[in-house]
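Here's the structure, in structure tokens; my notes come after.
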Amino acid sequence: MASLNDLTLRQLEYLVAVADTLGFRRAAERCHVSQPALSAQVQQLESVLGVKVFERDARRVMVTPEGGELVARARRVLTEAEDLLTAAARMGDPFAGPLQLGAIPTVAPYVLPEVVPALVRHYPKLQLRLREEKTAALVRDMEEGRLDAALLALDAELGRKVEHAVIAEDPFVVAAPPGHPLEKKKQVQLRDLDDEDVLLLEDGHCFRSQALALCTRVGAREVDFRATSLTTLAQMVMAAGSVTLLPRLAVPTENRQGQLVVRPFAPPAPGRTLVLAWRPGHPRAEALRAISATLRSVWPGKAKVSAAASPK
9 MASLNDLTLR
19 QLEYLVAVAD
29 TLGFRRAAER
39 CHVSQPALSA
49 QVQQLESVLG
59 VKVFERDARR
69 VMVTPEGGEL
79 VARARRVLTE
89 AEDLLTAAAR
99 MGDPFAGPLQ
109 LGAIPTVAPY
119 VLPEVVPALV
129 RHYPKLQLRL
139 REEKTAALVR
149 DMEEGRLDAA
159 LLALDAELGR
169 KVEHAVIAED
179 PFVVAAPPGH
189 PLEKKKQVQL
199 RDLDDEDVLL
209 LEDGHCFRSQ
219 ALALCTRVGA
229 REVDFRATSL
239 TTLAQMVMAA
249 GSVTLLPRLA
259 VPTENRQGQL
269 VVRPFAPPAP
279 GRTLVLAWRP
289 GHPRAEALRA
299 ISATLRSVWP
309 GKAKVSAAAS
319 PK
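Going by the working numbering, the first residue of the sequence shown is number 9, and it counts up by one from there.
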């Protein structure tokens, strides 16, 4: 039976890199090592473990069923090792060093340009590394230790997977083209969307799921077009003559030319709760709570957003 002396964290890092990229060349580039060196270390690890982790041929690399379990365990070991180093650094200064921060696409472009400079001012020793991704990818990367925290929209399922601190409430608004019957209303009731054609985002966006649930409740019809971003969604309102839902946070950017009719919902308005989330047991949890408080204090455009979303 192999002992701990027979394997290294570097070998586990190479193993996970090959599993992620499904290619030895790409894995070597990611790990900043030569391909022959990486291949030799992976082969040595397979020999020590007595398990074939990868199937290789001239065209592709695949993870074997047995290898999949070992790769998952290797990820956990690497995450714990990273946490060990982070915990040690935290004892000196929890607000120093790299912090991998993610944000969903319906938040990132509207928030990061303003909050990142504020975070840099508050925590000058913090080295922020930013990523924009959909919720599922961000949560997976947090679980596997590739990401420290992420700005997400909270729902019941997500709340069971992460620790979090609430940053802001973000109500939804209705956006329509000029001349649409909703232009005559100061506030929109959900029932006003009954039998309306509604544009939504593509699958994978949590905002799509939230908007679709509202539309389903009142009998609105989804248009046979799915946008990749809120920018495309807003532009298609004008092109298609249909309505859509937008988070109020996005209105100053997506309606900066005043081309859309934007109306708030009557109270209680549907919306989303935006949070800073991190994996349970993160060694910098207290620092992340402090960063959450800073984010709340510098959250952008509250007055400007409210004014942009109010009826003309």
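All residues carry an ideal CB built from backbone N, CA and C; glycine is no exception.
Following the DSSP letters along the chain, one finds Ala277 in no alpha helix (DSSP H), marked with neither H nor E. For the pair Thr239 and Glu262, the CB atoms are nearer than the 8 angstroms cut-off. Distance from the Cα of Thr16 is smallest, within the candidate group Phe62, Val56 and Asp202, for Val56. A Cβ-Cβ distance of about 7 angstroms is found for the pair Leu109 and Asp156, placing them in contact under the 8 angstroms criterion. Lys60 and Leu253 have their C-alpha atoms spaced approximately 50 angstroms apart. For Asp205, same chain residues with a beta-carbon under 6 angstroms away, outside a window of 5 residues either side, are Arg229, Val231 and Ser250 in chain order. Listed as beta-bridge partners of Leu20 by DSSP are no residues whatsoever. Leu92 is positioned such that its CB atom lies no closer than 8 angstroms to that of Gly153. Following the DSSP letters along the chain, one finds Asp149 inside the alpha helix (DSSP H) bounded by residues Thr143 to Glu151. Short of 7 angstroms from the beta carbon of Val174, and not among the five residues preceding or following it, lie these beta carbons of its own chain, in chain order: Thr281 and Val283.
By DSSP's assignment, Phe62 forms a beta bridge with Val71.
The DSSP assignment places 143-151 and 164-167 as complete runs of the alpha helix (DSSP H) inside the region 140-222, in order along the chain (cut-off: 4 residues). Comparing alpha carbon positions, the residue from Pro255, Ala111 and Leu30 closest to Leu159 is Ala111. In this model, Pro288 and Val170 are separated by some 6 angstroms (Cα to Cα).
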